[in-house]
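Trainee: Chains as they are written, first to last, in full-length UniProt numbering: chain E, 1 to 161; chain H, 1 to 628.
Shown next as structure tokens:
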């Protein structure tokens, strides 16, 4: 897979040109190896249908969620943003997609009117929104990175949208 | 007045009664002969004119004019009316209205015999008669009274019993509440300790290379291996002491309360009751912050076995704390075996580990309530790999409906934040009619969150994202009753069987080698808090043990060691002083098993030998004698 396979991502075309890593170890920044390997272990011998199905399912989920987040951002619906952040946090964490998970957690906190750690109140709605906007942008980048890697990993070029 | 009878009348009747004398005197008066006179035979007297007799004679002689009363009087002196049945028409020879009275001793011209006419002894006679009848009556009365009294007694007793039952229930509830409060406080203390330790560790760690340590904002995060390891270097600090005290205290408290709780919830805990202390201890061991212990446990767990995943850290840190809260479900040895196995296999052959059979007696039926498809799929897959039957619900509402519709599960894994109906509310609803263990699966594991979960009837918390191991731990913790007893499983390999077998082995050993059992057994009583101290004597044996057996906390040691020890050689660090006491447990399997199993009923006789065998080389003198 050339890096260009990611160009079709919903949100933004990838700008990075660096080659996509091919081993989990190289992705340790973004993907928690142990967690992800747990899932790989669940695959039957000889194929990776299970983990692949989950990962692909996650792609759909993530992209849908990002779209919703964009929409909520426009509507300034912080509560829903928080909820969406929580939602995607769960699945990304389950897959060990650390970066995405961390960003989603931040969005969850921002949406709840807190700072990024969720410990301090952030009374200014605008601030929260702008932080979410920024974080959302970041999380999409992070997501694209792991998506590219995982698609390559599974030899599954992106087909839809 | 004086007829031929005067002579007789001269003699006064000293003893004869007044009435009889009056009667006799009256009959001596011939002027009454038309009204009352002696009978023809002279052995009776006859009232011929009842009316006249009553009106004229009675007042004169008896000062009244009541014939009936006169008759009564006669009866009292045993006069009897002569029945006129001697003739066919039933008529008296003296006329239809005549009343003839007769007494054997009352005869004309026989004044002396009047003395023999006595008033019937009313009392004695009446008494005797009734007494004959009344004997049974009285007895019956008596019996009746007794019965009534007994009934009252029974009533009182049953009332009292009911009252006591209610009181007991109330006490129980109260105690459980107190227990919960205590545990909550403990949790708080633990968290504070953990936090303090983390701060402490962080300071010390500065110079050292910091392992990737993801701040979860959670207590658990503090336990990253590096930290722990660093802490380990510090031999003793006030914190250590504090935490040690804490854990010791916990072990005892836990122990005491465990029994109670089991009383309160018999169905759930019955299987579990025997080893609460163990569990508590192990839990504490893991959870509690004492640096030395942790160091051992975590350095291996996180560092080697499960290269730190942020979730893992959190799990280890938090789960144990709150698990105490829940059911005091003791960790049986067997489950650990599985872990062993899995662990062992992970590095070697991943694929194989995927379908480890945890050894259920039957496949547990699990309800997985999770709105997120990814989590649901993975969780389901993990559960499947643990040989569980899985049912899923998309949200709390569906879960409640399923339970309400009568679906029976052994365990419910419940996400917290879900559309329609959140997990806490769902749990609350389910708790109105069902006691199936419910595990909160959530990433919201701040202490107040967790408090809330427990308040609403959840049994435990599985921090998200869960790992396969943390999930399996949770299953084994709450489904102990479904596990096949260790003794039943065929030994798979020395390593894998080790811990599982221990208990059974111990039992058998104990059984077989009766002579030796005495010295150690008392100390080792499974449930007694004293068990830890009791192990101390054995500690020396540790030295002989290959380093792989790394002691953890006293209680937890067994597991930790087993889990890790088998495949992951323990870092030498492990053998710290603190560890030694605890460590005594793990290494020589036999020994450990003996101790722990002392309290249990012996299951399998054959097992022990195997172990005894195996253990021999590392056995210390004490053991050796016993085994021999």
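All C-beta atoms, glycine included, are put in the ideal place defined by N, C-alpha and C. Computed from a prediction, not measured in an experiment: that's the story for all the values here.
When you compare the CB positions of residue 102(H) and residue 33(H), do they come within less than 7 Å of one another, or not?
Mentor: Against the second chain, residue 102(H) aligns to sequence position 102. Against the second chain, residue 33(H) aligns to sequence position 33. Not closer than 7 Å, so no.
Trainee: Have a look at 67(E), 132(E) and 156(E) and flag the residue whose alpha-carbon is nearest the alpha-carbon of residue 111(E).
Mentor: Sequence index remark: in the first chain, residue 111(E) carries index 111 (1-based). Considering only alpha carbons, the answer is 132(E).
Trainee: Going by DSSP, what residue range makes up the alpha helix (DSSP H) through residue 414(H)?
Mentor: Position 414 of the second chain, counted from the start, is the residue given in the question as residue 414(H). No alpha helix (DSSP H) holds residue 414(H); the beta strand (DSSP E) holding it covers 411 to 415.
Trainee: Just the Cα atoms here: how many angstroms apart are residue 372(H) and residue 58(E)?
Mentor: Position 372 of the second chain, counted from the first residue, corresponds to residue 372(H). Position 58 of the first chain, counted from the first residue, corresponds to residue 58(E). Each residue's alpha carbon lies about 10 Å from the other.
Trainee: What whole-angstrom Cβ distance do residue 660(H) and residue 62(H) have, given they're in contact under 8 Å?
Mentor: Since the displayed chain H opens at 1 and closes at 628, residue 660(H) lies outside it and no answer follows.
Trainee: Determine the closest residue to residue 59(H) out of 78(H), 83(H) and 22(H), with distance taken between C-alpha atoms.
Mentor: On the second chain, position 59 is the one that residue 59(H) refers to. Of 78(H), 83(H) and 22(H), the residue nearest in Cα terms is 22(H).
Trainee: Any residues in the region 42 to 62 of chain E with a beta carbon nearer than 7 Å to a beta carbon of chain H? Which ones, in chain order?
Mentor: The region 42 to 62 of chain E vs chain H, Cβ under 7 Å: 42, 45, 50, 54, 57, 58 and 61.
Trainee: Starting from the N-terminal side, write out each stretch of the beta strand (DSSP E) that is 3 residues or longer and does not extend beyond the UniProt domain "Response regulatory" (365 to 479) of chain H.
Mentor: Counting whole runs of 3 or more residues, the UniProt domain "Response regulatory" (365 to 479) of chain H contains the beta strand (DSSP E) stretches 365 to 369, 389 to 393, 411 to 415, 438 to 442 and 460 to 463.
Trainee: Measure the Cβ-Cβ separation of residue 122(E) and residue 128(E) and say whether it is below 7 Å.
Mentor: In the first chain, residue 122(E) corresponds to position 122, counting from 1. In the first chain, residue 128(E) corresponds to position 128, counting from 1. Yes, these two residues count as a Cβ contact at 7 Å.
Trainee: How about residue 174(H): is its Cβ closer than 6 Å to a heavy atom in the ligand ZN?
Mentor: This structure simply doesn't include the ligand ZN, nor any ligand for that matter.
Trainee: Could you tell me which residues DSSP puts in a beta bridge with residue 40(E)?
Mentor: The residue given as residue 40(E) occupies position 40 in the first chain. In DSSP, residue 40(E) forms no bridge with anything.
Trainee: Rounding to the nearest angstrom, what Cα-Cα distance links residue 599(H) and residue 377(H) in this structure?
Mentor: Here the question's residue 599(H) lines up with position 599 in the second chain. Here the question's residue 377(H) lines up with position 377 in the second chain. Confidence at residue 599(H) is low in this model, with a pLDDT of 42, below 50, so the placement of that residue is unreliable and no value is reported for it.
Trainee: Count the other CB atoms, across all protein chains shown, that sit within 10 Å of the CB of residue 107(H); report buried if there are 16 or more and exposed otherwise.
Mentor: Taking the first residue of the second chain as position 1, residue 107(H) is located at position 107. Buried: at least 16 other Cβ atoms inside 10 Å.
Trainee: Name, please, each residue of chain H whose Cβ falls closer than 8 Å to the Cβ of residue 68(E).
Mentor: Here residue 68(E) corresponds to residue number 68 of the first chain, with the count starting at 1. Those do not exist, as residue 68(E) stays about 13 Å from chain H at its closest Cβ, beyond 8 Å.
Trainee: For residue 80(H), does the three-state DSSP call read helix, strand or coil?
Mentor: Within the second chain, residue 80(H) is the residue found at index 80, counting from 1. In this structure, residue 80(H) counts as strand in the three-state DSSP scheme.
Trainee: Return helix, strand or coil for residue 150(E), following the three-state DSSP convention.
Mentor: As a working note, residue 150(E) is residue 150 in the first chain. In this structure, residue 150(E) counts as helix in the three-state DSSP scheme.
Trainee: Give the residues from the region 383 to 395 of chain H that approach chain E closer than 9 Å (Cβ to any Cβ), ordered along the chain.
Mentor: For the region 383 to 395 of chain H, which is checked against every Cβ of chain E, the residues closer than 9 Å are 384 and 385.
Trainee: Let's test the definition: count the other Cβ atoms within 10 Å of the Cβ of residue 478(H) and tell me whether it reaches 16, buried, or not, exposed.
Mentor: Working through the second chain from its first residue, we reach residue 478(H) at position 478. Classification of residue 478(H): buried, given that the 10 Å Cβ count is 16 or more.
Trainee: Does the beta carbon of residue 109(E) sit closer than 7 Å to a beta carbon anywhere in chain H?
Mentor: The residue you call residue 109(E) lines up with position 109 of the first chain. Judged by the 7 Å Cβ criterion, residue 109(E) is not in contact with chain H.
Trainee: Per DSSP, what are the beta-bridge partners of residue 162(E) in this structure?
Mentor: Since the first residue of chain E shown is 1 and the last is 161, residue 162(E) is not available in this structure.
Trainee: Where DSSP assigns a beta bridge to residue 114(E), which residues make up the other side?
Mentor: Position 114 of the first chain, counted from the first residue, corresponds to residue 114(E). According to DSSP, which records beta bridges pairwise, residue 114(E) is partnered with 121(E).
Trainee: How far does the beta strand (DSSP E) with residue 630(H) in it extend, from its first residue to its last?
Mentor: Past the edges of chain H, shown from 1 to 628, lies residue 630(H), and the structure says nothing about it.
Trainee: Strictly below 7 Å CB to CB, what residues from chain H border residue 39(E)?
Mentor: Along the first chain, read from residue 1 onward, the residue named residue 39(E) stands at position 39. Near residue 39(E) (Cβ distances below 7 Å), the residues of chain H are 378.
Trainee: Hey, would you say residue 82(E) sits closer than 7 Å to residue 108(E), going by beta carbons?
Mentor: Here the question's residue 82(E) lines up with position 82 in the first chain. Here the question's residue 108(E) lines up with position 108 in the first chain. Cβ atoms of residue 82(E) and residue 108(E): closer than 7 Å.
Trainee: Got a sec? Which residues, its chain only, sit under 6 Å from residue 412(H) by beta carbon, not counting five neighbours each side?
Mentor: Here residue 412(H) is taken as the residue at index 412 of the second chain, counted from 1. Excluding residues within five positions, the ones whose Cβ falls inside 6 Å are 367, 436 and 438.
Trainee: Beta-carbon of residue 82(E) versus every beta-carbon of chain H: anything under 7 Å?
Mentor: Position 82 of the first chain, counted from the first residue, corresponds to residue 82(E). No - not a single Cβ of chain H is within 7 Å of the one on residue 82(E).
Trainee: Three Cβ pairs or more, each shorter than 8 Å: is that satisfied between the region 413 to 429 of chain H and the region 442 to 451 of chain H?
Mentor: As far as the Cβ criterion goes, the region 413 to 429 of chain H touches the region 442 to 451 of chain H, which means the pair count is three or higher.
Trainee: Is it right to say residue 243(H) is buried, meaning 16 or more other beta carbons lie within 10 angstroms of its own, or is it exposed?
Mentor: Position 243 of the second chain, counting from 1, holds the residue named residue 243(H). When all chains shown are included, residue 243(H) counts as buried.
Trainee: When the Cα atoms are used, what is the spatial distance from residue 153(E) to residue 34(E)?
Mentor: As a first step, residue 153(E) must be located in the first chain, where it is residue number 153. As a first step, residue 34(E) must be located in the first chain, where it is residue number 34. Residue 153(E) and residue 34(E): Cα-Cα distance of roughly 16 Å.
Trainee: Return the bridge partner residues of residue 44(H) from the DSSP annotation.
Mentor: Taking the first residue of the second chain as position 1, residue 44(H) is located at position 44. DSSP output for residue 44(H) lists 102(H) as bridge partner(s).
Trainee: So, at 6 Å on beta carbons, what are the nonlocal neighbours of residue 52(H) in its own chain, with the 5 sequence-adjacent residues on each side left out?
Mentor: The count along the second chain starts at 1 and reaches residue 52(H) at position 52. Within the same chain, residue 52(H) has close Cβ partners 35.
Trainee: Given a cut-off of 7 Å, decide if residue 69(E) and residue 136(E) are closer than it, judged by their beta-carbon atoms.
Mentor: Here residue 136(E) refers to the residue found at position 136 of the first chain. Here residue 69(E) refers to the residue found at position 69 of the first chain. Cβ atoms of residue 136(E) and residue 69(E): closer than 7 Å.
Trainee: What three-state label does DSSP hand residue 483(H) in the structure shown?
Mentor: On the second chain, residue 483(H) is found 483 positions in, with the first residue counted as 1. In the structure shown, residue 483(H) sits in a strand (DSSP, three-state: E or B).
Trainee: Flag this pair as yes or no: are the beta carbons of residue 100(E) and residue 142(E) separated by less than 7 Å?
Mentor: Counted from its first residue, the first chain places residue 100(E) at position 100. Counted from its first residue, the first chain places residue 142(E) at position 142. For residue 100(E) and residue 142(E), yes; Cβs fall inside 7 Å.
Trainee: Name the chain E residues that come within less than 7 Å of residue 381(H), Cβ to Cβ?
Mentor: As a position in the second chain, residue 381(H) is number 381, starting the count at 1. Within 7 Å Cβ-Cβ: 42 and 50.
Trainee: Among residues of its own chain, excluding the 5 on either side of residue 29(E), which ones have a beta-carbon nearer than 8 Å to its beta-carbon?
Mentor: By one-based count along the first chain, residue 29(E) stands at place 29. So the qualifying residues of the chain are 98 and 99.
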